[in-house]
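Visitor: Submitted below is the structure of interest, expressed as structure tokens.
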Amino acid sequence: MPTNTQLTTPQAADHLGILRPALVKLLDHGDIPFSTVGAQRRVLLTDLVAYEEALTRRRRACLREATRKAAADGSYFQAPTDTATR
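Residues 1 to 86, numbered by full-length UniProt numbering, are exactly what the sequence shown covers, in order.
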């Protein structure tokens, strides 16, 4: 698929694996750039890929920090104490 491909909001939401209203919130908050064609929003595939990559980097950074904190306080190898029923 060409990198300059424009997707509709349903297509973009499907690409990200989220519901369209969640995508619209991301667009409205400025997390993902978009353009409008008439009353329709369009999202570039390259912008979606960039958003996914940035999200992955943030998640990995949070996991690294949580691991570092758990190792520092000695709880890294302890089982969680939450015994809530499922």
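In this text, a Cβ means the ideal position worked out from N, Cα and C, and glycines have one as well.
None of the values given here were measured: they were computed from a predicted structure.
Pick helix, strand or coil for Q11, following the three-state DSSP scheme.
Guide: Helix, per DSSP.
Visitor: Three-state secondary structure (DSSP) at T5?
Guide: T5: coil per DSSP, three-state reduction.
Visitor: Taking the C-alpha atoms as reference points, what is the distance between Q78 and V24?
Guide: Approximately 40 Å, taken between the alpha carbons.
Visitor: May I ask you to verify whether the stretch 31-38 touches the stretch 64-74, counting CB pairs closer than 8 Å and requiring at least 3?
Guide: The stretch 31-38 is not in contact with the stretch 64-74.
Visitor: Compute the Euclidean distance between the alpha carbons of T36 and R42, then round it to the nearest angstrom.
Guide: Rounded to whole angstroms, T36 to R42 spans 6 Å at the Cα level.
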